[in-house]
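Note that our numbering gives residue 37 to position 37 of the sequence shown, counting from 1, and the numbers run on in steps of one.
One structure below.
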Amino acid sequence: AALRSKGSEHGVEIAKLTKKYLQLDGEEFGIVGMDVAGDEGTYPLKGESDSMYSGVIEAKKLGVPVTLHAGEWPERFGSVANLKWAVDNNIQRIGHGIAIRSSKNLLDAIMDKNITIEVCLTSNIGNGFKVSSYQEHPVRILKEAGARFSLSSDNLLLSGDLKEAPSSTAEI
């Protein structure tokens with residue numbers, strides 16, 4: 001994964017490395033895409049001056065599929081703008097996307113563009129920082145709208161909290 005906090009050179013380097021080992025049709029092994037993760041509050045991605053902009057553009061230029069963690073943090077950290085940038089730039093897989101709860105227009109765009117949201121329930125409810133509970137998780141909005149999403153476990157070393165232990169199967 002390319003980490004937002006590492007800067008633009010890191011993003012470009014990861015894009016090129018991913019391209020070098022990208023799984024081609026018919027090959028049994030290889031990398032299937034580039035993931036951009038990390039602190040979207042401090043390191044947003046909503047324009048050319050942001051740290052991962054060059055890396056994402058390079059990956060797209062090289063034909064590398066990109067998953068962009070966007071809309072993961074509470075809206076007060078600018079996550080709606082990050083989510084909008086991902087949608088406007090035709091990112092086909094978005095990690096988390098919880099800020100979709102704040103924008104019907106973005107939900108419609110995600111559906112129109114057939115974008116998949118990686119939903120990470122336990123990661124998102126840990127300590128109630130991003131989402132207060134499973135019952136309040138915006139996955140319900142995605143499901144009711146008929147949007148494409150996958151249930152994912154995120155990073156099992158960092159997900160969850162003392163109340164909700166991370167588990168790759170319990171949250172499903």
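Heads up, the beta-carbon is just placed ideally off N, CA and C, and yes, glycines get one too.
In this structure, Ala-2 places its C-beta atom within 8 Å of the C-beta atom of Val-36.
Gly-126 is classed as buried because its beta carbon has at least 16 other beta carbons within 10 Å across all chains shown. By the Cβ criterion, the region 50-66 is not in contact with the region 94-106, since fewer than three pairs of Cβ atoms, one from each stretch, lie closer than 8 Å.
Spatial neighbours of Glu-9 in its own chain (CB-CB distance under 6 Å, excluding positions within 5 residues in sequence) are not present. In the DSSP annotation of this structure, Leu-17 is not part of any beta strand (DSSP E); the continuous alpha helix (DSSP H) holding it starts and ends at 8-20. Taking C-beta atoms as the reference points, Ile-117 and Ile-94 count as a pair closer than 8 Å. For the pair of segments examined, the region 47-57 was found not to touch the region 100-110: the number of CB pairs separated by less than 8 Å stays below three.
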